[in-house]
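Numbering (UniProt numbering), first residue to last: 1 to 217.
Positions of the beta carbon are idealized from the N, C-alpha and C atoms, including for glycine.
Just so it is clear, the structure is predicted and the values come from calculations on it, not from any experiment.
Below: the structure, in structure tokens.
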């Protein structure tokens, strides 16, 4: 739904990054520098998500570690979660910071960010499936998510982990249109929808981190 002008702006903004990212598999330091740069660009577009991607990355990485995933897979989750909202650079700042509930058109524009993030990153040769993880991080087990309506095992585990971390962080933080709902409400959301919207193992691990391991953002 982004306009030709927006597409041109995105191309102009990211072409130097994409051009410089061709050798990422051979230069891990460059990969990390590019991810940091992209993360800062996203944050400047939306003051209300300052630190959001960093916090999601902290929780997603902790979940992956607790699930005993491989070191390489954990690193892929860390990198993807740090830039999971990169597609929001295409959304007008006034929509991102709107203090009232969004209308249908504005909500649709917000939902475009997963696809746009994929489009920006799909040609970058990451050592991990970063673009696929990012396009899937709003998918739900029952197929009610977006943008592809994927179900169950069609969703990457990495995306399931980031999806849960994203929900927990978003609900427990202040948003433009509402005050924080609190961590208890966030954990209640994933617990009630365990096995329906969210992966059971990911939910159980997340709950364990907060309730037993005393994880805090």
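The shortest C-alpha to C-alpha distance from residue 173 to any of 186, 204, 155 and 163 is the one to 186. Across the structure, residue 152 and residue 77 are spaced so that their CA atoms are roughly 19 Å apart. Contact annotation: the stretch 155-165 touches the stretch 56-72, with at least three C-beta pairs closer than 8 Å. Straight-line spacing of the CA atoms in residue 171 and residue 29 works out to 33 Å. DSSP lists 151 as the beta-bridge partner residues of residue 142.
For residue 216, the number of other beta carbons within 10 angstroms of its own is below 16, and it is reported as exposed.
Restricted to the stretch 54-140, the alpha helix (DSSP H) segments that are unbroken, complete and at least 4 residues in length are 71-82, 93-96, 104-111, 113-121 and 130-136, listed in chain order. Per DSSP, residue 51 lies in no alpha helix (DSSP H) and is assigned neither H nor E.
A distance below 8 Å between beta-carbons, with the five flanking residues on each side excluded, links residue 130 to the following residues of its chain, in chain order: 76, 79, 80, 83, 121 and 124. Under DSSP, residue 198 takes part in a beta bridge, and its partners are 194. By the neighbour-count definition (other C-beta atoms within 10 Å, threshold 16), residue 191 is an exposed residue. C-alpha of residue 140 to C-alpha of residue 204: approximately 16 Å in a straight line. Taking a C-beta distance under 8 Å as the contact criterion, residue 106 and residue 95 qualify as a contact pair. Partner residues in a beta bridge of residue 211, as assigned by DSSP, do not exist. Beta-bridge annotation (DSSP): residue 178 is paired with 175.
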